[in-house]
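*Asks:*
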Amino acid sequence: MQPIVPEITRESVTNLINEGKRADGRKLDQYREISLETGVIKKAEGSARVKIGNTQIMIGVKSQIGDPFPDTPNVGVFMTNSELLPMAAPNFEPGPPDERSVELSRVTDRGIREGKIIDLKKLALIPGKKVWMIFIDMHILDYDGNLLDAAALGAMAALMDAKIPTATVKDDEVVVDHENMQPLPLNEKTVMCTLAKIGNNLVLDPSLEEEGIMRARISIGVRSDGAICSMQKGGERPFEKEEILKAIDMAQEKTKELFEYLPKA
Amino acid sequence: MQPIVPEITRESVTNLINEGKRADGRKLDQYREISLETGVIKKAEGSARVKIGNTQIMIGVKSQIGDPFPDTPNVGVFMTNSELLPMAAPNFEPGPPDERSVELSRVTDRGIREGKIIDLKKLALIPGKKVWMIFIDMHILDYDGNLLDAAALGAMAALMDAKIPTATVKDDEVVVDHENMQPLPLNEKTVMCTLAKIGNNLVLDPSLEEEGIMRARISIGVRSDGAICSMQKGGERPFEKEEILKAIDMAQEKTKELFEYLPKA
Amino acid sequence: MQPIVPEITRESVTNLINEGKRADGRKLDQYREISLETGVIKKAEGSARVKIGNTQIMIGVKSQIGDPFPDTPNVGVFMTNSELLPMAAPNFEPGPPDERSVELSRVTDRGIREGKIIDLKKLALIPGKKVWMIFIDMHILDYDGNLLDAAALGAMAALMDAKIPTATVKDDEVVVDHENMQPLPLNEKTVMCTLAKIGNNLVLDPSLEEEGIMRARISIGVRSDGAICSMQKGGERPFEKEEILKAIDMAQEKTKELFEYLPKA
Amino acid sequence: MITIITNRDLEAKNSERPDGRAYNELRPLKIEAGVLERADGSAYLEFGDNKVLAAVYGPREFHIRRFLKPNMAVLRCRYNMAPFSVEDRKRPGPDRRSLEISKLTSEALSPAVFLEKFPRSSIDVFIEVLQAEGGTRCAGITAASVALADAGIPMRDMVVACAAGKANGQVIMDLSEWEDKEGEADVPVAIMPRTGEITLLQMDGQLTKDEFEQALDLAKEGCMKISEEQKKAIKNRYGGD
Amino acid sequence: MITIITNRDLEAKNSERPDGRAYNELRPLKIEAGVLERADGSAYLEFGDNKVLAAVYGPREFHIRRFLKPNMAVLRCRYNMAPFSVEDRKRPGPDRRSLEISKLTSEALSPAVFLEKFPRSSIDVFIEVLQAEGGTRCAGITAASVALADAGIPMRDMVVACAAGKANGQVIMDLSEWEDKEGEADVPVAIMPRTGEITLLQMDGQLTKDEFEQALDLAKEGCMKISEEQKKAIKNRYGGD
Amino acid sequence: MITIITNRDLEAKNSERPDGRAYNELRPLKIEAGVLERADGSAYLEFGDNKVLAAVYGPREFHIRRFLKPNMAVLRCRYNMAPFSVEDRKRPGPDRRSLEISKLTSEALSPAVFLEKFPRSSIDVFIEVLQAEGGTRCAGITAASVALADAGIPMRDMVVACAAGKANGQVIMDLSEWEDKEGEADVPVAIMPRTGEITLLQMDGQLTKDEFEQALDLAKEGCMKISEEQKKAIKNRYGGD
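Protein chains in written order, with this note's numbering: chain A, 1248 to 1512; chain B, 1248 to 1512; chain C, 1248 to 1512; chain D, 108 to 348; chain E, 108 to 348; chain F, 108 to 348.
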């Protein structure tokens, strides 16, 4: 899936990193340039276009009224979906989400869900019958490495940007007032920080080329209160415990920078 | 998709057409033999078997009661589907509709829908809740060119043939009376006329061989009042404006012939 | 689909059978060792693990409340599904059920349905609106021949093992009482007996190797009252009438043995 | 080109069948060979209110390497019902029932075809049920045999199919849709008429062994009658006597 | 890099269009070439409230043997709408509408591309509608042409598309979403501007021949204006005068 | 062939866990190797009320050219839940959750396998959850390792997995289904026990760094205990001491 990197590139990139340098001039713990715009899609209830380096994702939040899941009748429904568009990379194929796309959606979803970012109870309308359903759709436009951090940042921004209609219940009927839009009920903020293991170093925000040669990666979701709320190892080589702990320190430090990009509440 | 036609055949057919003649002896503006039978499938509410030359389509109309689309709560639902059966040509594969089949369905559907052929308002039963759903299913049995005209003619005939049960609403319940069948509420009739561009000529009703060498095709849907109600260019070469205008003249002339095959209302 | 058997094996196995012997030492009308355990999956309402020789199937019965089919509004719904798991044989592929898996499900289903084994009327709750839906899922774990007999035996055992909640109707609402579980309403028992034609002999319970060389197979479902309730020929060679009649005799005799494995009611 | 059988006069009227047929009476039957232009062979069959079309392509190169057989042709079948062929519109595309019937049809026809003459090839049989009224799998097999013959595929025999069963306590030939649904048992059978060998056999419902044997005999009797009509259809198409 | 057209001052104000445009007035238009890193060519287009991204890969080896052409490249298109691009969230993945538009887009672009220069190859065009407000198929074709040029694909001409139609009894250029839904007819058109030849033509609704001709002329007039913006986008990207 | 662990006596009873376990107590565990006839290797595992079967085929020729690797084997996993394994019947076939777990399982096992010994091959691991009660991904990885060993696949180490997490404010080993659902955090971990290196690591919920470290340590401690049972299962199958 990953582009195959020639052995010589692998060596030169690794050697550089062993010296604390990177091919694009960054420090090991430095993000590429980040840009984040919200409110870019008027037809979406909330939206964000996020770029980390050349990686680019467009994210839209839509709401609709629907049935709750039978096992959680009193809370709203929240779903995260992503599409690795064939325009984003020469080897992305059209079709149903593959395992990479599913992992991306699910890790992003878990950070938001398990971090209790949305107050899903406030999205119930008629308990057991009607609730708000919130869809986060992530459209991967350009793939130049580190989708996870871009997705988490963009999804958080799109949620903060979102305004949904006011819905009230009268006589068991839901009345939806599009004239009075209100923000989504959010408890907290979360973003994610990914480190790749190359040689025996951890490097922040791996580029596409670095992803091609990394041994493993660890992605850590952090809330603005500092709590770790999700974690996902990827890649076909192991980590040692000390590396994980070091990664957590770096993530807790670096996510502070990421939170700065989010809209001020 | 189209069978590959040897260069020598392409030349000889084109030369013939340049002289105003066709391989099967037809004039440039002449249909192959057309036959149209209705009422052939008793289990369908309406049906037609149409042949243009050896191209053969069986069309069935079925009705059922269902929910309206949310954005059009007060009108009936109408759907057109076609299947290019693997029996119809050696290169048709079983499976979900491919783009040719989708185009065929959608062009036929638009002619009927945009020509306001069916009075969909009369198919509403309980506004916002229950409406008649009308399905036109087109079964392509034998493919010898020019499916679009055959489909449009057959679909129109099957609609005219259709009898659906009388449905009345009592206390918010729909009562369906199969003893009293009634025709579909139709406002108008429409048929379609396809011209292929071969060399610099327009030829009516292209055969399979002619489709294999044509540069482009234009299909024009005409109502019995003369209005143009749908149009679709196909093929990988362009048309000039004058060719389109000439094609419209031919279509408005030739559809008169086609209307003669329809059952008398 | 079947593993290809070398010609020399085919001959030696056939010659042996012509002498009334089988490669694994069995008599022509002898089953391999059978084992049947019920109640193995606590999360299922009923379950059974069946082995015939090395062929192994895990079967679970689940119940849920749902809508009846429109054409049978006053009886419960009953569905049989099977999955030829890719773990069960080197040539089984993941994916939607193929024709072998569909045949297995449908033959098992017909034996139960047409043998009137379940009293489906007792599974109606609110006529036309709510009924019990009973799902039999057959998970093929290890494939060493003769899936049909194993499936029929295991499905019957799982049905006999099943306990579903007591459901009562109050004011058009279904009340499901998980504290009071009750057996499924069963009228009868059925099992199935499969004979393979090898050379000109009928052999009971074909092994995988025998299936690879058999000319045809006949599977006969028998109720405990002796009635034949389903039959399915398979394979690409014909049977003679006398062979079928002989197979019925053998099935009626041998199914008595199979019934012994079922739980005592 | 069209033949009608109404063998109502062949037997005494001891019937209580809803459509008035005798216990061993077939529904009216028409078979026509060579009805499609593009297919290598084709046949159209009406059997009671069943309307079935069969088409054959091949032998032709088989491009799915995984399934081809190095020493013989693969006979593939696709049985399909038109959405408008049944009372309630059927969703297009294969379902479990049609997958099973496709497999059984392939197995029913294969014994009669000299598949070994065409290694690495496929012979593709397509059956379209345009209107269904009970017994479509048998009608499909019967039509497909005529289409195979029309395509010039070398065959040992022309497979023919007919169901028998039990309804209202009586063992009967050729169940109608109503008799199939409301009756006690259904036994679809296909045979090679020269030898009487059975290439399709299914049963569902409840029968004693004796009843089953009666049904099997009746089905084979029906097959023999239908077989005559298959031959006539081929003669009508190609002449000869 | 961004260009805005508001040709509101070009014509007299005789309009009764809901957004106040003249009958022959385009919505504001921006085109930018070369907006993606990975794609061989790309373009971003805003046309009224439509926001469309197009990307091109190729010519590249075509690995689906069944579809490749030995003497030319195959131009494949995928038109796709983002789930959030429309009022009610769209389920991800292709539907019948997008399949048809993909086919038509491929046919609209192919005449302009020197496909014969790249036998056995594919040129893949991906169009993503990020926000839809009427006329997305035309916007997609227009953007795709710029992306093809940005990818350096040799072309006879840069295809450009614009719709015309009829609403409130008036033949008008460039229908908005409201005019498309509520109006009497819609005529999407693509042309090769050098020759005026038509590579996309559809119509639905009800028009007389005269009205159709007016609509076709208006659509072509719109195309010519948009074509200038395509050229500017390429110039802005690559310099030149 | 069957081993039961109840390490209830190993630690003081300071627990308030619903099933009465101590904070660092595993559920009862059984592992059996070599339980299937056809598969090249297999294992059956019961862990609390989890019942999981794993099977391995390979190394074998990999026929999907697009995915094969010229210098090593590809280790493919399919994690699947039986429809009857959970409270509410699961629809058959893969869903998003099982796709993700399949990917993670493959990544968790790959570091231990000498994939480079089998270029152009696949090693296929199939995991079937027959009954689920919390922790099935770890149970699947643990069983799959035993199945790989049973298949004779050369490995650096036998990967083993165990979750830890936090419930009722307490960091605990091996969450039950209830603790997973109602608890504050879940940390599934797989390690190679010889080196302690981590091949699977996920977390969800809310933890401080200290709590996470405690959970990671507890998970690794659980892994080490389970590892002993893996080895016994292999010894029971193949003898030796």
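The C-beta atom is built at its ideal place from N, Cα and C for all residues, glycine as well.
Tell me, please, which residues DSSP counts as bridged to Cys269 (chain D).
*Replies:* DSSP, once it has assigned bridges, lists D:Val296 as partnering Cys269 (chain D).
*Asks:* In chain order, which beta strand (DSSP E) runs of at least 3 residues are fully inside the stretch 1423-1475 of chain B?
*Replies:* Those beta strand (DSSP E) runs which fall completely within the stretch 1423-1475 of chain B and span 3+ residues are 1437-1445, 1448-1451, 1463-1470.
*Asks:* On the DSSP bridge assignment, give the partners of Ile1288 (chain A) in chain order.
*Replies:* DSSP output for Ile1288 (chain A) lists no bridge partner at all.
*Asks:* Can you list, in chain order, the residues of the stretch 188-201 of chain F whose Cβ is nearer than 8 Å to any Cβ on chain C?
*Replies:* Per Cβ criterion, the list reads Ala189, Pro190, Phe191, Ser192, Val193, Glu194, Asp195, Arg196, Pro199, Gly200, Pro201.
*Asks:* Between the C-alpha atoms of Ala1402 (chain C) and Gly1459 (chain C), what's the straight-line distance to the nearest angstrom?
*Replies:* Each residue's alpha carbon lies about 25 Å from the other.
*Asks:* List the residues of chain A that Met299 (chain F) touches, going by C-beta distances under 9 Å, in chain order.
*Replies:* What Met299 (chain F) touches in chain A: Pro1485.
*Asks:* Kindly list the residues whose CB is nearer than 8 Å to the CB of Asn114 (chain E), restricted to its own chain and excluding five residues on each side of it in sequence; keep chain order.
*Replies:* For Asn114 (chain E), the predicted model reports a pLDDT of 44, less than 50, meaning its position is unreliable; a value from the coordinates is still stated below. Answer for Asn114 (chain E): Glu132, Leu133, Lys332, listed in chain order.
*Asks:* Quick one: is Pro300 (chain D) buried, meaning 16 or more other Cβ sit within 10 Å of its Cβ, or exposed?
*Replies:* By the neighbour-count rule (16 or more Cβ atoms within 10 Å), Pro300 (chain D) is buried.
*Asks:* Is the distance from the Cβ of Val266 (chain F) to the Cβ of Glu318 (chain F) below 9 Å?
*Replies:* It is not a contact, given that the beta carbons lie outside the stated cut-off.
*Asks:* Cβ of Asp1356 (chain C) within 9 Å of Cβ of Met1326 (chain C)?
*Replies:* Yes, the pair counts as a contact, with Cβ atoms nearer than the cut-off.
*Asks:* Given Pro1333 (chain C), which residues of its chain have a CB within under 8 Å of its CB, disregarding the five upstream and five downstream residues?
*Replies:* Excluding residues within five positions, the ones whose Cβ falls inside 8 Å are Phe1339, Glu1340, Pro1341.
*Asks:* DSSP has Ile305 (chain F) in a bridge; who is on the other side?
*Replies:* Beta-bridge pairing links Ile305 (chain F) to A:Phe1486, F:Ile298.
*Asks:* Assuming Leu1449 (chain A) contacts Ala1494 (chain A) (C-beta within less than 8 Å), just tell me the rounded distance between them.
*Replies:* Contact holds; Cβ gap of about 6 Å.
*Asks:* Comparing the C-beta of Pro125 (chain D) with each C-beta of chain B, is any distance below 9 Å?
*Replies:* No, Pro125 (chain D) does not count as interfacial toward chain B.
*Asks:* What first and last residue would you give for the alpha helix (DSSP H) that runs through Ala316 (chain F)?
*Replies:* Sequence check: residue 316 (chain F) is Lys here, not Ala. Taken as a continuous stretch (DSSP letters only), the alpha helix (DSSP H) holding Lys316 (chain F) covers 316-345.
*Asks:* Contact defined as beta carbons within less than 8 Å: I believe Asp1384 (chain A) pairs with Gly1307 (chain A). What is the distance between those atoms, to the nearest angstrom?
*Replies:* With 8 Å as the limit, Asp1384 (chain A) and Gly1307 (chain A) qualify as a contact, their Cβ atoms being about 5 Å apart.
*Asks:* Could you name each continuous beta strand (DSSP E) segment of 3 residues or more that falls completely within the stretch 1309-1344 of chain B, going from the start of the chain to the end?
*Replies:* Whole beta strand (DSSP E) segments, 3+ residues: 1324-1331.
*Asks:* So if DSSP puts Gly1293 (chain A) in a beta bridge, which residue, or which two residues, is it bridged to?
*Replies:* The partner list for Gly1293 (chain A) (beta bridge, DSSP) reads A:Val1308.
*Asks:* If you reduce the DSSP assignment to three classes, tell me which class Ser1259 (chain B) lands in.
*Replies:* The answer is helix: DSSP assigns Ser1259 (chain B) an H, G or I state.
*Asks:* For Ile171 (chain D), report the span of its alpha helix (DSSP H) as first-last.
*Replies:* Counting along the chain, Ile171 (chain D) falls outside any alpha helix (DSSP H), and DSSP gives it neither H nor E.
*Asks:* Less than 9 Å separating the beta-carbons of Asn187 (chain F) and Ile248 (chain F)?
*Replies:* For Asn187 (chain F) and Ile248 (chain F), no; Cβs fall outside 9 Å.
*Asks:* Specify, as a first and last residue, the run of the alpha helix (DSSP H) that Gly1375 (chain B) falls within.
*Replies:* Premise fails: Gly1375 (chain B) is in no alpha helix (DSSP H) and is neither H nor E.
*Asks:* Figure out for me which residue from E:Arg167, E:Thr315, E:Glu153 has the closest Cα to the Cα of Ala161 (chain E).
*Replies:* Out of E:Arg167, E:Thr315, E:Glu153, E:Glu153 has the C-alpha closest to the C-alpha of Ala161 (chain E).
*Asks:* If Gly1375 (chain B) and Pro1412 (chain B) are in contact, beta carbons under 8 Å, what's the gap, nearest whole angstrom?
*Replies:* The Cβ separation is near 21 Å, so there is no contact.
*Asks:* Using the C-alpha atoms, what's the distance from Glu1490 (chain A) back to Ser217 (chain F)?
*Replies:* About 20 Å.
*Asks:* Counting along the chain, where does the alpha helix (DSSP H) carrying Arg183 (chain D) start and finish?
*Replies:* First-last for Arg183 (chain D): 181-188, but that is the beta strand (DSSP E), not the alpha helix (DSSP H).
*Asks:* To which residues does DSSP link Ile1383 (chain A) through a beta bridge?
*Replies:* Per DSSP, A:Val1308, A:Thr1327.
*Asks:* For Pro1430 (chain B), decide whether its Cβ has a neighbour in chain D, counting only Cβ atoms nearer than 9 Å.
*Replies:* Not an interface residue.
*Asks:* May I ask you to report which of helix, strand or coil DSSP gives Arg151 (chain F)?
*Replies:* Contrary to the premise, residue 151 (chain F) reads as Tyr rather than Arg in this sequence. Three-state result, Tyr151 (chain F): strand.
*Asks:* Are the CB atoms of Thr243 (chain D) and Asn157 (chain D) within a distance shorter than 9 Å?
*Replies:* The answer is yes: Cβ separation under 9 Å.
*Asks:* Could you please give the first and the last residue of the uninterrupted beta strand (DSSP E) stretch that includes Val236 (chain F)?
*Replies:* Counting along the chain, the beta strand (DSSP E) containing Val236 (chain F) begins and ends at 228-238.
*Asks:* Residues of the stretch 123-152 of chain D with a CB closer than 9 Å to any CB of chain B: list them in chain order, please.
*Replies:* Flagged, chain order: Val142, Leu143, Glu144, Arg145, Ala146, Asp147, Ser149.
*Asks:* Let's see if you can read the secondary structure: which residues bound the alpha helix (DSSP H) around Leu1395 (chain C)?
*Replies:* Unbroken alpha helix (DSSP H) run through Leu1395 (chain C): 1394-1408.
*Asks:* Okay, do the stretch 1286-1296 of chain C and the stretch 188-196 of chain F touch, 3+ Cβ pairs below 8 Å being the bar?
*Replies:* The stretch 1286-1296 of chain C vs the stretch 188-196 of chain F: in contact.
*Asks:* Taking the straight line between their C-alpha atoms, what separation do you get for Lys210 (chain E) and Ala1404 (chain C)?
*Replies:* So the alpha carbons of these two residues sit roughly 54 Å apart.
*Asks:* Taking buried to mean at least 16 other C-beta atoms within 10 Å of its own C-beta, is Phe225 (chain E) buried or exposed?
*Replies:* The residue is buried, with at least 16 neighbouring Cβ atoms inside 10 Å.
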